[in-house]
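Everything below concerns the one structure shown next.
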Amino acid sequence: MKMSTRQADGVTIVDLNGPITLEDGSPVLRETVQRLIGQGEKRLLLNLAAVQFIDTSGIGELISAFTSMRDQGGELKLLNLTKKVHDLIRITKLYAVFDIRDDEAAAIQAFSKSA
Amino acid sequence: MRATYTLDSNLESIDKAEVAARAIALEAGFRREDSDYISLAVHEAAANAVLHGNQCDPSKHIAVRIEAAPETLTVSVRDEGEGLDASAIPDPLAPGNLLKESGRGIFLIRSLMDEVRFHNLNPGTEIIMIKHLR
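The listed protein sequences derive, respectively, from chains L and F. Start counting at 1 in the first sequence, then tack on 43, and there's your number in our numbering. Position 58 of the second sequence, counted from 1, bears residue number 47 in our numbering, the numbering being contiguous throughout.
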C-alpha cells in the first residue's frame, strides 16, 4: 500500500494505492490517519480510486479513521470507491455511516467550513 | 478438480489461501466477479482461522481444501483452536454495532457465498463455504 497526501482548499486528501487488508494497508492507513490527527488536521478526504481490494480489517480501519476524526471534531469523507469497495460498503450497510463522493471538487466543497 | 493445503498460522497463509481459491474458481468457470467474491470469502475464513482459531500459534496449522465440481465450488477451512459458536456472533448490521471495527468477517462470508456451514471438530472449527456457478 502506498499513500500520499496533498492539500486542497483546507482539506487533506490522502491518495491510497493498493489493497487495504489485514496484512497490507490497514496498519499504514491507521498510522497515517493518527499522524494527521496529531498534526491537527480536521478535514480528511480518503481517495480510494486505486484501492481494488479491501477486507473486513480494512473496513474496520476506515471506521476507525472515521470515528477518530469525529471524536476530534473533524470530518472524514471517502472518494472514488471502486466497484468492489462499493459492494462491501453496501453489503455491510456502511452507506449509513460514510459520506461517499465520486467527484473530488464537490467532495472538498462538502466539508463543513466550521470544522 | 481438488486442492488441499496445510498452512502455517500466519498472515502469509491468508494470502496463499485467497490466491489459490481465486485461481481454482476461475479455472472452474466462475466469472471474474464471482471468483473475486469467493477469494474474499476464503480470505476472511483463513484470517479467522489464523487469528481467532489458532491465535497465530506457530505450532498450529490451518487446512484449506478447495474442490470444484460441475456447477459448484466448495471450500473448507479448518483450524485447531478452541471452537466457535457462530450463532453467538453479534449482528454487525445492528445500529449499535455499525461503528465497531471488527466482527464482520462471518457476516461477509455468508453474504458472498451461497451456503455456509460450521462444524466443531473438538478441537478446532471447520467452515465450509459453497458457491454455485451461475
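We treat Cβ as the ideally placed atom computed from N, Cα and C, and that holds for glycine. A quick note: this is a predicted structure, and the numbers were derived from the prediction, not measured.
| Item | Value |
| --- | --- |
| Cross-chain neighbours of Glu126(F) in chain L, by beta carbon under 7 Å | Residue coverage of chain F in this structure runs from -10 to 123, which leaves residue 126(F) outside it and unanswerable. |
| Contacting residues, own chain, Cβ-Cβ under 8 Å from Ala158(L) (five flanking each side not counted) | Only weak support is given to the placement of Ala158(L): the predicted model assigns it a pLDDT of 48, under 50, and the value that follows is read from those uncertain coordinates. Within the same chain, Ala158(L) has close Cβ partners Lys85, Arg86, Gly116, Gly117, Glu118. |
| Within 7 Å, strictly: CB atoms of Thr114(F) and Gly72(F) | yes |
| Gln152(L) in three-state terms, based on DSSP | helix |
| Span of the alpha helix (DSSP H), counted from its first residue to its last, around Ser(-2)(F) | Note, Ser(-2)(F): premise wrong, no alpha helix (DSSP H); not H, not E. |
| Residue-level contact to chain L via CB, Arg93(F), 7 Å cutoff | yes |
| Cα-Cα separation, Glu16(F) to Gln152(L) | 46 Å |
| Helix, strand or coil at Ala158(L) [DSSP, three-state] | Note on Ala158(L): pLDDT 48, under 50, position unreliable in the model; the coordinate value appears next. Coil, per DSSP. |
| Classification of Glu104(L) by the beta-carbon crowding that lies within 10 angstroms, buried from 16 upward | buried |
| Residues of the segment 69 to 96 of chain L whose Cβ lies closer than 7 Å to any Cβ of chain F, in chain order | none |
| Chain L contacts made by the segment -4 to 11 of chain F, where a contact means CB separation under 8 Å | Leu0, Glu1, Ile3, Asp4 |
| Cα-Cα separation, Ala108(L) to Ala(-8)(F) | 39 Å |
| Cβ pair Lys49(F), Glu69(F) closer than 7 Å | yes |
| Reduced DSSP category for Ser91(F) - H, G, I as helix; E, B as strand; rest coil | coil |
| Three-way DSSP call (helix, strand, coil) for Gly61(L) in this model | coil |
| Assigned secondary structure, Thr99(L) (DSSP; H/G/I helix, E/B strand, else coil) | helix |
| Rounded separation between Arg11(F) and Arg20(F) - CA only | 10 Å |
| Proximal residues of chain L, C-beta to C-beta of Glu100(F) below 7 Å | Note that residue 100(F) corresponds to Ser in the displayed sequence, not to Glu. Under the 7 Å cutoff, chain L gives Ile134. |
| Nearest-angstrom beta carbon gap, Leu121(L) and Val89(L) [assumed within contact, 8 Å] | The question names Val, but residue 89(L) is Leu in the sequence shown. Right, their Cβ atoms sit about 5 Å apart. |
| Own chain partners of Asn109(F) with C-beta closer than 6 Å, once the 5 adjacent residues on each side are dropped | Gly72 |
| Distance CB(Ser111(L))-CB(Leu65(L)) smaller than 7 Å | no |
| Exposed unless 16 or more other CB atoms sit within 10 angstroms - verdict on Leu88(F) | exposed |
| DSSP beta-bridge partners of Thr55(L) | Gln50(L), Leu87(L) |
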